[in-house]
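Peer 1:
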Amino acid sequence: MSEPELEGIVESPWSGGASPFAINSKKLGMWLFIVSDSLTFSALLVSYAYVRLANPDWPRPFEIWPAIAKSTAMTLILLSSSLTMVFAVSASRKGDTKKAVRMLYWTIFFGLAFVGIHATEWVTLFHEGVTPWSNPWGVPLFGGTFFGLTGLHMLHVTIGAVYLAIISWGFGKGKYNADHVEVSGLYWHFVDLVWMFIFPMVYLMSVSLKG
Amino acid sequence: MTSHAATVESHDVGTTKLFVSVWVWLLALTGVEVFLAYLRLAPALMLTILVGLSLIKAALIVSYFMHLRFEHLGLFLLLVPAMVFCICMMLIMFFPDSVRLIHMRPQ
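Read top to bottom, the protein sequences are chains S and B. Each residue of the first sequence is one higher than the one before, starting from 1438 at the first, in the numbering used here. Each residue of the second sequence is one higher than the one before, starting from 3 at the first, in the numbering used here.
1. Is Val34 of chain B close to chain S? Criterion is C-beta to C-beta, closer than 8 Å.
2. Are there any heavy atoms of the ligand ADP lying less than 7 Å away from the beta-carbon of Asp1494 of chain S, as far as the coordinates show?
3. Alpha carbon to alpha carbon, what distance is there between Val1538 of chain S and Lys1612 of chain S?
4. Curious, which full-length alpha helix (DSSP H) runs of at least 4 residues does the region 1582 to 1639 of chain S contain?
5. Distance, Cα to Cα, His1555 of chain S vs Gly1581 of chain S?
6. Specify, as a first and last residue, the run of the alpha helix (DSSP H) that Ala66 of chain B falls within.
7. Along the chain, where does the alpha helix (DSSP H) containing Val1488 of chain S start, and where does it finish?
8. How would you list, in chain order, the residues of chain B whose beta-carbon sits under 7 Å from the beta-carbon of Ser1479 of chain S?
9. Report yes or no: is there a C-beta of chain S within less than 8 Å of the C-beta of Leu49 of chain B?
10. Does the region 1606 to 1622 of chain S come within contact of the region 32 to 47 of chain B, defined as at least 3 CB pairs closer than 8 Å?
11. How big is the Cα-Cα spacing for Phe1491 of chain S and Val36 of chain B?
12. Quick one: what's got a C-beta closer than 7 Å to Ser1621 of chain S's C-beta in the same chain, skipping five residues either side?
13. Roughly how many angstroms separate the alpha carbons of Thr1544 of chain S and Arg102 of chain B, rounded to a whole number?
14. Just confirm the distance between the C-beta atoms of Leu1630 of chain S and Val82 of chain B, as a whole number of angstroms; I'd bet it's less than 8 Å.
15. Is it a yes or a no for the region 1494 to 1508 of chain S touching the region 1568 to 1578 of chain S, going by three-plus beta-carbon pairs under 8 Å?
16. Would you list, in sequence order, the uninterrupted alpha helix (DSSP H) runs of no fewer than 4 residues that lie entirely inside the region 1493 to 1564 of chain S?
17. Run down chain B in chain order and give the residues with a C-beta less than 7 Å from the C-beta of Thr1544 of chain S.
18. One question on the structure: do Met92 of chain B and Ser1479 of chain S come within less than 8 Å of each other, judged by their Cβ atoms?
19. Of the choices S:Val1526, S:Ala1506, S:Thr1512, whose alpha-carbon is the least far from that of Tyr66 of chain B?
20. Report all residues from its chain with a CB closer than 7 Å to the CB of Val1488 of chain S; omit the five preceding and five following residues, and keep chain order.
21. By DSSP, does Ser1576 of chain S sit in helix, in strand, or in coil?
22. Give the interface partners of Met1642 of chain S over in chain B, defined as CB-CB distance under 9 Å, in chain order.
23. Report the neighbours of Phe1433 of chain S on chain B: residues whose CB is nearer than 8 Å to its CB, in chain order.
24. Name the DSSP bridge partner or partners of Val1644 of chain S?
25. What would DSSP say about Leu52 of chain B, mapped onto helix, strand or coil?
26. Taking the Cβ atom as the reference point for each residue, do Met1467 of chain S and Tyr1624 of chain S lie within a distance shorter than 8 Å?
27. Using three-state DSSP, classify Glu73 of chain B as helix, strand or coil.
28. Return the CA-CA distance between Ile1596 of chain S and Met106 of chain B, expressed in angstroms with no decimal places.
29. Please list, in chain order, all residues of the same chain as Phe1524 of chain S whose beta carbon is under 7 Å from its beta carbon, the five residues on each side excluded.
30. Could you tell me which chain S residues have their CB closer than 8 Å to the CB of Arg42 of chain B, listed as they occur along the chain?
31. Distance check for Phe1634 of chain S and Phe1627 of chain S, CA to CA, integer angstroms please.
32. Only counting the same chain, and skipping five residues up and downstream in sequence, which positions put a Cβ closer than 6 Å to that of Ala84 of chain B?
See below:
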């Protein structure tokens, strides 16, 4: 396709043709996946908010130290991973393969650190007798919503780390181009975005009233 | 199609300074949220403020980190209004009912 023809297609979002949104099909596909996945998380978060508001006896097990401090650190880690992901996309666009791969490795490292800290949080709750079906405070929905929401999010982070590992390997080898890095970045930022809702709604809404 | 995509997306948007400042804003808003946790406000008020702050953070991430601000308007119109509509439908169904349940509980 010649250059003037291409400009004709992309000059207006409504002009249709091969690329009505002026993005490649991989990116459009990822955006559509993100919209559908955000509705999945929205349904879980709205139903969580429903039971949280409707239950005045809702357990508040999270002390400022260590639970809230730990989850704040996890938020910092995930936000930092988004920054390194942005740098990876930027470097890949500029053709700086070494920097892009290095930044992808940092992103994976932050992602795995997030999962590791989150796992210790889960273990602590298990030791306190909290499971998805029961807990010592008599509101079984607490465990169901907590493990359901954070578990699905942790699964997304884990899949994201594997996805980024594959992309960094392929980009380093020249198998994948900058578009692949950008599309994987969209997924990673989405995972970060979801945590921006889970952290305040699940942790900060259940801060212990003691102290 | 690949060469086409590469041509239309060869632009590099945003600077390091911009991305770092967005990151700092996100950290600052997180700090505000944690500070609010110390205040132990009423759950409904706390939830409203926290969701408001989270929406600002989500807008920053989508606009700058996910580059949606730099994409064509058509992509934004394809993705965002329908999603917002669906989420509003969930809220219309759930919230009035959850507040009603609180008032129905025996004291």
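Note that beta-carbon positions come from the ideal geometry of N, C-alpha and C, so glycine has one too. Just so you know, these numbers come straight off a predicted model, no measurement behind them.
Peer 2: Quick answer:
1. For Val34 of chain B, the answer is no, since every Cβ of chain S falls outside 8 Å of its Cβ.
2. Judged by which ligands are present, the structure shown has none, so any question about the ligand ADP falls away.
3. 13 Å
4. 1615 to 1635
5. 16 Å
6. The sequence shown places Tyr at residue 66 of chain B, rather than the Ala named in the question. Taken as a continuous stretch (DSSP letters only), Tyr66 of chain B belongs to no alpha helix (DSSP H), as it is neither H nor E.
7. 1462 to 1491
8. For Ser1479 of chain S, the neighbours in chain B by C-beta distance under 7 Å run, in chain order, Ile89, Met92.
9. For Leu49 of chain B, the answer is yes, since a Cβ of chain S falls inside 8 Å of its Cβ.
10. no
11. It is Ala, not Phe, that sits at residue 1491 of chain S in the sequence shown. Each residue's Cα considered, the two are about 23 Å apart.
12. Same-chain partners within the cutoff: Tyr1600, Leu1601, Ile1604.
13. When rounded, the distance between both Cα atoms is 44 Å.
14. So it is not a contact: roughly 13 Å between Cβ atoms.
15. yes
16. For secondary structure counted as the alpha helix (DSSP H) over 4 or more consecutive residues, the region 1493 to 1564 of chain S holds these complete runs in sequence order: 1506 to 1530, 1534 to 1564.
17. Those within 7 Å of Thr1544 of chain S in chain B number zero; the least Cβ separation is about 12 Å.
18. yes
19. The residue with the shortest Cα to Cα distance from Tyr66 of chain B is S:Val1526.
20. Leu1578, Thr1582
21. At residue 1576 of chain S the sequence reads Val, which differs from the Ser that was named. In this structure, Val1576 of chain S counts as coil in the three-state DSSP scheme.
22. Ala39, Pro45, Met48, Leu49, Leu52
23. Residue 1433 of chain S lies beyond the residue range present for chain S, which begins at 1438 and ends at 1648; the question has no answer from this structure.
24. When DSSP reads this structure, Val1644 of chain S sits in a beta bridge with S:Phe1499.
25. helix
26. yes
27. Three-state result, Glu73 of chain B: coil.
28. 43 Å
29. Met1540
30. Val1644, Leu1646
31. 11 Å
32. none
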